[in-house]
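In this note's numbering, the protein residues as written are 1 to 222.
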């Protein structure tokens, strides 16, 4: 499935300035600081992340790598029964997301598109196909390094978790591979839920006593 980005005209991909998908050179020096600025690497709750249809249990945790290991293709997650993955990524605070880095390597087992849902922890393969994503993109083919996909920030201003649906690979393979996932944005610690004290659910007669003379005056029948 080749999902067309809903923001083709408004959004841009960072691979347009620095990544090579044709014959020109790719400069990693120019992007050296790109992924580290506003990095949310240490804000992902990796132990609580999960993936449906991964061939090896918990292998999704291998794709959350520090920036200097972004080109490592030895640690990855691959799909099991078909080229489709559903990934849940929780954060340890409130996130104002700026962009997502996605990379499945330079081969055709890389994901072809991505559908991203903010604050949806209830999705599975039965429901995700009919769900409306917060944003979606067609991914770059043959990328030799992770590609940055800026998000529409207004839609990702208060994010606790992301669910990523990768519905197919470029080639008609039975396997999809994902090597790297990263996020950029602003992080805020979670504040404690406000404590609402209900001091009195039912009136306490002892607290609302009136003098007998007042009571008699209010209830007198003429």
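Virtual Cβ for every residue (Gly too), placed ideally from N, Cα, C.
State buried or exposed for residue i, treating a residue as buried only when at least 16 other CB atoms are found within 10 Å of its CB.
{"i": "residue 225", "result": "The question about residue 225 has no answer here: the residues shown for the chain are numbered 1 through 222."}
{"i": "residue 74", "result": "exposed"}
{"i": "residue 174", "result": "exposed"}
{"i": "residue 182", "result": "buried"}
{"i": "residue 86", "result": "buried"}
{"i": "residue 112", "result": "buried"}
{"i": "residue 83", "result": "buried"}
{"i": "residue 184", "result": "buried"}
{"i": "residue 177", "result": "buried"}
{"i": "residue 190", "result": "exposed"}
{"i": "residue 196", "result": "Confidence at residue 196 is low in this model, with a pLDDT of 49, below 50, so its placement is unreliable and no value can be given for it."}
{"i": "residue 153", "result": "exposed"}
{"i": "residue 54", "result": "buried"}
{"i": "residue 139", "result": "buried"}
{"i": "residue 132", "result": "exposed"}
{"i": "residue 158", "result": "exposed"}
{"i": "residue 56", "result": "exposed"}
{"i": "residue 37", "result": "exposed"}
{"i": "residue 164", "result": "buried"}
{"i": "residue 91", "result": "buried"}
Just reading off the beta strand (DSSP E) that residue i is part of, what are its end residues?
{"i": "residue 97", "result": "85–103"}
{"i": "residue 51", "result": "50–52"}
{"i": "residue 164", "result": "159–166"}
{"i": "residue 182", "result": "180–188"}
{"i": "residue 154", "result": "Residue 154 -> no beta strand (DSSP E), and no H or E assigned at all."}
{"i": "residue 138", "result": "135–138"}
{"i": "residue 128", "result": "First-last for residue 128: undefined, no H or E at that position."}
{"i": "residue 116", "result": "113–118"}
Pop quiz: residue i and residue j are said to be a contact at Cβ under 8 Å. What is the actual Cβ separation, rounded to whole angstroms?
{"i": "residue 162", "j": "residue 116", "result": "6 Å"}
{"i": "residue 224", "j": "residue 49", "result": "Look at the range of the chain in this structure, 1 to 222, and you will see that residue 224 is not part of it."}
{"i": "residue 43", "j": "residue 93", "result": "6 Å"}
{"i": "residue 179", "j": "residue 105", "result": "5 Å"}
{"i": "residue 40", "j": "residue 137", "result": "Incorrect: roughly 18 Å between the Cβ atoms, too far for contact."}
Subject >> Three-pair Cβ contact test at 8 Å for the region 89–99 versus the region 124–136 >> reply: no
**OP:** Decide if the region 64–83 is in contact with the region 149–158; the criterion is three or more beta carbon pairs, one per stretch, under 8 Å apart.
**Re:** As far as the Cβ criterion goes, the region 64–83 does not touch the region 149–158, which means the pair count is below three.
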